[in-house]
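Here the sequence shown stands for residues -21 to -1, 1 to 316, where the numbers follow mature numbering (1 follows the signal peptide of the UniProt record, and there is no 0).
Glycine included, every Cβ here is placed at the ideal spot set by N, Cα and C.
Here is the structure we will look at.
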Amino acid sequence: MISSILTFALSVSSLPLTAHAAAAVSTLKDAALPRYFGAALGQGHLQNASDPKFAQLAAQQFSAATPENEMKWEIVEPENGKFNFTPAEVIVQFTKRNNMKLRCHNLVWDSQLAPYVTTLPTSQVKQAMLSHIEGVVSHFAGDCYAWDVVNEPFNDDGTFKNDTFFNAMGEEYITLALQQARKFDPHAKLYINDFNIESANAKSDAMLTLAQGLVSKGLLDGIGFESHFILNELPPDIAGNMERFTSLGLDLAVTELDIRYDLPTTDADTTNQAQQFEEVINACQSVKRCVGVTTWGITDLYSWVPSTFAGQGGALLWDDDYNKKADWFSTINALAN
Ligand SMILES: *[C@@H]1O[C@H](CO)[C@@H](O)[C@H](O)[C@H]1NC(C)=O
Ligand SMILES: *[C@@H]1O[C@H](CO)[C@@H](O)[C@H](O)[C@H]1NC(C)=O
């Protein structure tokens, strides 16, 4: 009780000039126009009859969705040639009913990969990748606003990860994957998505070089900055780094935003996190081709953070009880400005 009153007081008093804007619009999606504002949605949460608030908020507040896991290889093609589209279709149908854009995620990634792929002889990996893309992209063709075709291809030092795909095909796997996705859904915007590319560094330099080559072949439409940030460690040059990519003629999307910190939450965490969400929103809004922001979930209750980073949490815009946090208020204010 005390903390929620404090949160509200902080959020309003720290933003006196913009409080009016928040009163004028009550949803993130309206405030974000003409951009979209999205969330990663899990099928289990959307269909949870014991927790109707999740689906209600997803429909009310967001104009885009990314399936949190349901289109990943291990779920959508768990065995060679055996596709399971049922969990993903729950999210596809939800976005259609609610006029939301769908960011489809993802096709080629070394994580959450079906185990059979890693045990194939190297000579069969290319065919498995092309068959996977054909099966999945043709199934969802027309439903996807965008596809994250290749996910997280780089190491932090800017070298390619030597994963199953790189080991089998070298760097060429990226071109082949994009060509195949283009062939089976010519209208979806094709993205490469990665983390730690939100500032100018060895990894984003490598991504920029890769992107230049792919743009010249007409195969790439956008870059995703995942933006899984740590509180008080945001890069200072997000907007400038976005522009390095958009100046190539690419769209730029913030695809997996959250800002985590060590629990328990202090007042300083609350204040700083609100400011830092605002910084990210302002960066996107200052870049013409930054098309939208997606947060990696809705409520802290179901965030991936606590189970991945021990002792950390608090990374999203609603708390465990679906109270709007100070960062919700700062986000809607920044969006509306
Ligand atoms: C469903 O809702 C209940 C009650 O809020 C919660 O305990 C449970 O974790 C939820 N399950 C999923 C998959 O969302
Ligand atoms: C990649 O890893 C494989 C083994 O998994 C190894 O045989 C190969 O030499 C590695 N390639 C590079 C370029 O490091």
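Residue closest to residue i, alpha-carbon to alpha-carbon, out of the options
i      : options                           : result
Tyr240 : Gly293, Phe119, Pro165 and Trp297 : Gly293
Tyr152 : Asn130, Ala167, Phe64 and Asp164  : Asn130
Gly114 : Arg76, Gln72, Asp122 and Glu56    : Glu56
Ser309 : Ser226, Tyr301 and Gln255         : Gln255
Ala179 : Glu68, Asn251, Leu20 and Pro215   : Pro215
Phe62  : Asp142, Lys303, Ile112 and Phe139 : Ile112
Leu236 : Ala107, Gln103, Ser282 and Thr188 : Ser282
Val96  : Ala120, Lys140 and Asn59          : Asn59
Leu169 : Asn146, Thr6, Leu193 and Phe288   : Leu193
Val128 : Leu210, Gly137 and Phe144         : Phe144
Ala37  : Lys8, Leu12 and Lys51             : Lys8
Ala185 : Phe224, Ser195 and Gln158         : Phe224
Asp306 : Leu12, Asp246, Phe133 and Pro165  : Asp246
Asp122 : Lys140, Thr274, His84 and Thr278  : His84
Gln191 : Thr154, Asn175 and Asn211         : Thr154
Val259 : Gly271, Thr249 and Leu20          : Gly271
Ala218 : Leu189, Ser265, Thr234 and Glu212 : Ser265
Thr278 : Asn261, Lys303, Glu257 and Lys267 : Lys303
Asp173 : Leu109, Phe64 and Asp89           : Asp89
Tyr301 : Gly17, Ala11, Ala34 and Ile54     : Ala34
Leu296 : Leu189, Thr98 and Thr274          : Thr274
Asn261 : Gly228, Asn312, Thr244 and Val284 : Asn312
Cross-strand partners of residue i (DSSP beta bridge)
i      : result
Cys83  : Trp126
Gly203 : Asn172 and Ala232
Gln291 : Asp241
Gly17  : Ala43 and Thr273
Thr278 : Trp297
Ile209 : Arg239
Phe144 : According to DSSP, Phe144 bridges with nothing at all.
Lys8   : DSSP, once it has assigned bridges, lists no residue as partnering Lys8.
Phe133 : Phe139
Lys304 : BP columns for Lys304 are empty, so no partner.
Residue i beta carbon near ligand 4 (any heavy atom closer than 7 Å)
i     : result
Gln22 : Questions concerning ligand 4 fall outside what the structure shown contains, since the ligands it does hold are ligand 1 and ligand 2.
Practice task
Pick out the complete alpha helix (DSSP H) segments inside the stretch 30 to 78, 4 residues or longer, and give them in chain order.
Solution key: 31 to 40, 52 to 55 and 65 to 76
Handout entry: Residues near ligand 1, criterion Cβ-heavy atom distance below 5 Å
Key = Gly23, His24, Asn27, Ser29 and Asp30
Handout entry: By C-beta, the residues closer than 5 Å to any heavy atom of ligand 2, given in chain order
Key = Asn141 and Asn146
Practice task
Let me know the alpha helix (DSSP H) ranges lying completely inside the stretch 91 to 127, each 4 residues or longer, listed in chain order.
Solution key: 94 to 98 and 104 to 119
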